[in-house]
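Novice:
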Amino acid sequence: MHLSAALFGVISMMSVSFAAKPGYRQLPWDGRAYNLTIETLDTKYNTAFLNLRNGRNDGNPADYITVQHQGRPEGYNDDGGVLAIGVDGNAIFSTNTEFRRSDVFQSIEGTSDTTTFYRASFMKGEAFLNAYDWLLIFLGSGVFEIGVDASKNPALVYYRNNGTDVPKWSIEFVPGTCTGQDELKFNSRSEVEGSLLTLNEFHIGPSTYFSEGSVIAMNEKQDVVSFNGMSVEATAIGAGAPTPAPSEGGVAVSGSAEGEARTFTFNDRK
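Residues -19 to -1, 1 to 251 (mature numbering (1 follows the signal peptide of the UniProt record, and there is no 0)) are what the sequence shown spells out, left to right.
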């Protein structure tokens, strides 16, 4: 089984909030690509990491993102579109030279009294040109991180949480594969340290970090990763059919908690 598509759930018990905090999107949030263009990308995503490049504020998202309306006709999560996001040696946010990143994100207010489902699928057609540890789908708080560690041999798709570098789950990364049409398959349940946040930033796109003093060698060509089916919702839904047909069925993630829940459930599809 090769994973490139995933469903995530966070269970937390807190006070109910009825209005979104300023700057945060309420659920359900639709980040799907089928109805986007490069000109309308910022209607769904914050593109700050693409706009603020190399100490300037005139970066162009089109240099790193291509919108493909039928990039995945049998789309995951009701999305036939694809965001193809590239990263290279010039993908420096502001003056933070220790990063190479091209991620876009949205600030989300999740549900405070039930489960929040973060959904996204990714595929890379070829092996990574730059053999580093790449975050691909993650929350800004570090509650979960999905990525590919291309420094390993073989490269590994991983799931991590609590802001650590130790995978809770991993599998060999196989270029050109992407799954997501079958029913849910339980994979791993992990304990999250501290409180789960209702407010969070949901990121998609390649991002890597270099420790101070590292020798950074990047290929001249971009590493491009394709993303599909992005959404954040309060309910479980099926894997989805080609856009715009609605999905049916689906399997809810089960879980329980006493008081404030601190359980994180990660699921994938066979």
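Yeah, the Cβ is synthetic: ideal placement off N, Cα and C, and Gly gets one too.
Here's the rule I'm using: 16 or more other beta-carbon atoms within 10 Å means buried, otherwise exposed. How should V138 be labelled?
Specialist: Looking at its Cβ environment, which holds 16 or more other Cβ atoms inside 10 Å, V138 is buried.
Novice: Check whether the Cβ atoms of G128 and G144 sit closer than 8 Å, and answer yes or no.
Specialist: Cβ atoms of G128 and G144: not closer than 8 Å.
Novice: Could you check the C-alpha separation between G70 and G91 for me, to the nearest Å?
Specialist: The alpha-carbon atoms of G70 and G91 are separated by roughly 34 Å.
Novice: Count the other C-beta atoms from every protein chain shown that fall within 10 angstroms of the C-beta of K251, then say buried if there are 16 or more, exposed otherwise.
Specialist: The predicted model places K251 with a pLDDT of 29, which falls under 50 and marks its position as unreliable, so this point remains unresolved.
Novice: Is the distance from the Cβ of I109 to the Cβ of A131 below 8 Å?
Specialist: Contrary to the premise, residue 109 reads as Phe rather than Ile in this sequence. In this structure, A131 lies closer than 8 Å to F109 by Cβ.
Novice: CB-CB under 6 Å to I73, same chain, minus the five flanking residues each way: which ones, in chain order?
Specialist: Closer than 6 Å at the Cβ level, and outside the excluded window around I73, lie N35.
Novice: How many Å lie between N209 and Y190 at the Cα?
Specialist: Using only the alpha carbons, I get a separation of about 24 Å.
Novice: Assuming P187 and V63 form a contact by the criterion Cβ under 8 Å, report the distance between their Cβ atoms to the nearest whole angstrom.
Specialist: That pair is no contact at about 15 Å.
Novice: In the DSSP assignment, find the unbroken alpha helix (DSSP H) run with F30 in it and report its ends.
Specialist: 29 to 32 is the span of the alpha helix (DSSP H), which, as asked, contains F30.
Novice: Answer with buried or exposed for R53, where buried requires no fewer than 16 other C-beta atoms within 10 angstroms of its C-beta.
Specialist: It is buried - the Cβ of R53 has at least 16 other Cβ atoms within 10 Å.
Novice: Measure the beta-carbon distance from R6 to S88 and round it to whole angstroms, keeping in mind my assumption that it falls under 8 Å.
Specialist: Contact flag correct, Cβ pair sits at about 7 Å.
Novice: Assign residue 252 to one of two classes, buried (16 or more other C-beta atoms within 10 Å of its C-beta) or exposed (fewer than that).
Specialist: There is no way to answer for residue 252, as the model of the chain reaches only from -19 to 251.
Novice: Output yes or no for whether 8 Å exceeds the beta carbon distance between R100 and M199.
Specialist: Not closer than 8 Å, so no.
Novice: May I ask you to report which of helix, strand or coil DSSP gives N58?
Specialist: Correct three-state label for N58: helix.
Novice: Does the beta-carbon distance from S93 to Y140 come in below 8 Å?
Specialist: Result no, Cβ atoms of S93 and Y140 do not sit closer than 8 Å.
Novice: Whose C-beta lies closer than 8 Å to the C-beta of E79 among residues of the same chain, with five residues either side of it excluded?
Specialist: For E79, where only same-chain residues beyond five positions count, the Cβ hits under 8 Å are Y190, F191, S192, E193, S195.
Novice: In the DSSP assignment, the beta strand (DSSP E) including T189 goes from what residue to what residue?
Specialist: T189 -> beta strand (DSSP E) spans 180 to 190.
Novice: What do you get for P135, buried or exposed, if any count of 16 or more other CB atoms within 10 angstroms of its CB means buried?
Specialist: P135 should be labelled exposed.
Novice: What are the boundary residues of the beta strand (DSSP E) that includes Y139?
Specialist: Element bounds for Y139: 137 to 142.
Novice: Tell me which residues share the same chain as T47 and place their Cβ nearer than 7 Å to its Cβ, disregarding the 5 neighbours each side in the sequence.
Specialist: Result list for T47: A65, in chain order.
Novice: To the nearest angstrom, how far is the alpha carbon of K105 from that of C159?
Specialist: Approximately 8 Å, taken between the alpha carbons.
Novice: In angstroms with no decimal places, state the Cα-to-Cα distance between E107 and D11.
Specialist: Roughly 28 Å between the two C-alpha positions.
Novice: To the nearest angstrom, report how far apart I152 and S207 are at their CA atoms.
Specialist: About 19 Å.
Novice: Which one of N77, D84, L8 has the shortest CA to CA distance from R37?
Specialist: Measuring from the Cα of R37, the nearest candidate turns out to be N77.
Novice: Per DSSP, which residues does M104 bridge with? Please list them.
Specialist: DSSP lists S207 as partners of M104.
Novice: Could you name the residues that DSSP lists as bridge partners for Y5?
Specialist: Answer by DSSP bridge pairing: none, since Y5 is not bridged.
Novice: Candidates G56, E20, L8, N142: which alpha carbon is nearest V173's?
Specialist: Ranking G56, E20, L8, N142 by Cα distance to V173 puts N142 first.
Novice: Using DSSP bridges, identify the partner residues of V213.
Specialist: W10, Y99, per the DSSP bridge assignment.
Novice: If I'm right that Y26 touches V85 with Cβ under 8 Å, what's the distance once you round it to whole angstroms?
Specialist: About 4 Å separates the two Cβ atoms, so the contact holds.
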